[in-house]
Amino acid sequence: MPTKKYIRFIDSSYNTLFHLPDGGRIRITRPNGEQIERVCRFLDECHTQVGNNVYHICEFAERMEGIGAKYTPLDYIRELEFYRKFYFTKDSTAKGPPYFIIDEISAHGFAFAPKGAAKGRKYCIFEILQIGPNRRQIGNVILWGSSLRDIHPREWGFDMEKIRAVTQKPKTKNGPDR
Numbered sequence: 001m002p003t004k005k006y007i008r009f010i011d012s013s014y015n016t017l018f019h020l021p022d023g024g025r026i027r028i029t030r031p032n033g034e035q036i037e038r039v040c041r042f043l044d045e046c047h048t049q050v051g052n053n054v055y056h057i058c059e060f061a062e063r064m065e066g067i068g069a070k071y072t073p074l075d076y077i078r079e080l081e082f083y084r085k086f087y088f089t090k091d092s093t094a095k096g097p098p099y100f101i102i103d104e105i106s107a108h109g110f111a112f113a114p115k116g117a118a119k120g121r122k123y124c125i126f127e128i129l130q131i132g133p134n135r136r137q138i139g140n141v142i143l144w145g146s147s148l149r150d151i152h153p154r155e156w157g158f159d160m161e162k163i164r165a166v167t168q169k170p171k172t173k174n175g176p177d178r
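In structure tokens:
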């Protein structure tokens, strides 16, 4: 894991929901629809500052669940070294580039290779196999694509904001600073 600090957000059962970079923002949506944004600071692996309040990560999850609030990231981790690496190949004898697993849902995952992928194989959607009560394994690639439009990750239920933040280069401003 890189030396940068990342905040883990969980539910009250300690299931990881997402990670946030230190100084990243979350959006809290209250049951009445009111939305508030809070800057989050890494304190240690189990504690974070959300706005002006300090929480144990499970305490924050329990409080949000207790009032019926939902929380989602507004900022995403862009550093590829944070994400799990896997080698997808056409067959068992082939050697391919590393793919970074950017998003996972219950039965599928999304990965991309920033360099070295064969034509039409920069992005992929793959199966996730449940091999035990708390164990999952990467399965076969279901779909390959050279662009996000080729494989339509949103239609599979993946977080497109996260995928774009990680796989696309930030746009640079043209013109003078104001």
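Just so you know, we're using the numbering used here here: the sequence shown kicks off at 1 and counts up by one. Where is the CB? At the ideal position from N, CA and C, for every residue including glycine.
- From the listed residues V54, V50, G109, G120, the smallest Cα separation to E155 is found for G109.
- Put simply, the segment 62 to 72 touches the segment 5 to 14. At least three CB pairs are less than 8 Å apart.
- The segment 107 to 140 is shown to contain whole beta strand (DSSP E) runs of 3 or more residues at 108 to 112, 123 to 132, in chain order.
- Judged by beta-carbon spacing, K122 lies within the 8 Å limit of A113, meaning their Cβ atoms are closer than that value.
- Only residues of its own chain outside the window of five on either side were considered, and among them L20, P21, G24, R25 have a CB closer than 7 Å to the CB of D75, listed in chain order.
- Annotation: the continuous alpha helix (DSSP H) that includes P153 extends over 153 to 156.
- Three or more beta-carbon pairs separated by less than 8 Å are not found between the segment 34 to 53 and the segment 76 to 87, which leaves the two stretches without contact.
- Secondary structure note for I7: its beta strand (DSSP E) is the uninterrupted segment 6 to 10.
- DSSP places E45 in the coil class of the three-state scheme, outside both helix and strand.
- Check the Cα spacing between K95 and each of E104, G116, L80, I102: the tightest is with G116.
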